[in-house]
Structure formats: structure tokens, C-alpha cells
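Numbering (the numbering used here), first residue to last: 77 to 162.
Glycine residues also receive a C-beta, built at the ideal position from the N, C-alpha and C atoms.
For clarity, every value in this text was computed on a predicted model and none was experimentally measured.
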Amino acid sequence: ARPGSMVLSHQMDVQLSVLKDSPYAIKNDTRLHFHHDTHEMVCKCVILGKDTLEPGETGYAQLRFQEDVAVKNGDHYVVRFFSPLV
Numbered sequence: 077a078r079p080g081s082m083v084l085s086h087q088m089d090v091q092l093s094v095l096k097d098s099p100y101a102i103k104n105d106t107r108l109h110f111h112h113d114t115h116e117m118v119c120k121c122v123i124l125g126k127d128t129l130e131p132g133e134t135g136y137a138q139l140r141f142q143e144d145v146a147v148k149n150g151d152h153y154v155v156r157f158f159s160p161l162v
């Protein structure tokens, strides 16, 4: 990446779309797996302006991480529901 194009942060504001065929809604404080490039992290999702994003909805959220993540404006990412390994 070009020097200065990446930002390190413990949180990021995102636009989040829930697939319309998702079996679950995303509720405030839901733990999610965050996939960005080759990196995967667990994050907490804080939905902005409402309590839940239902399947098929798009809204704004803040993703909060335990460690810094390096991102740049316009990067694409995927989140999926958290389910611990048994």
C-alpha cells in the first residue's frame, strides 16, 4: 500500500448489508467474524440508529476489534456470524 493510505484502528464505521436469505438478523453487540484480504478477526458489531438489521436490510454500524486492523477507505470486507469452535 502507498505510505499513508492505510489507517490502524480498533474500530471502523461501515455500511453493512445483511443477505436477504440470511437465517438471522444482526443484533446490537453481536460478535462477528470479520474477513478483510487474508486476515480474519472477531469483532463486535454496534448498529447505529437502531437495534437490529434484519435480513435484506442495509444500515450503518461500528465494528469494534480487540486489536488494531489496517484498512483504507473503500476496502471491501465480509462479516459472518460468530460460532465458536467446539
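Query	Result
C-alpha distance - residue 139 paired with residue 100, whole-angstrom precision	18 Å
Best match in 133, 106, 151 for proximity to residue 95 [C-alpha to C-alpha]	133
Assumed close pair residue 136, residue 150 - CB separation to whole angstroms, cut-off 8 Å	The Cβ separation is near 16 Å, so there is no contact.
Top-ranked residue by Cα proximity to residue 87, from 158, 110, 157	110
Inter-residue spacing [alpha-carbon to alpha-carbon] between residue 83 and residue 104	25 Å
Rounded straight-line distance, which links the Cα of residue 131 to that of residue 112	22 Å
Beta-carbon proximity list for residue 120, same chain, < 7 Å, skipping 5 on both sides	105, 107, 140
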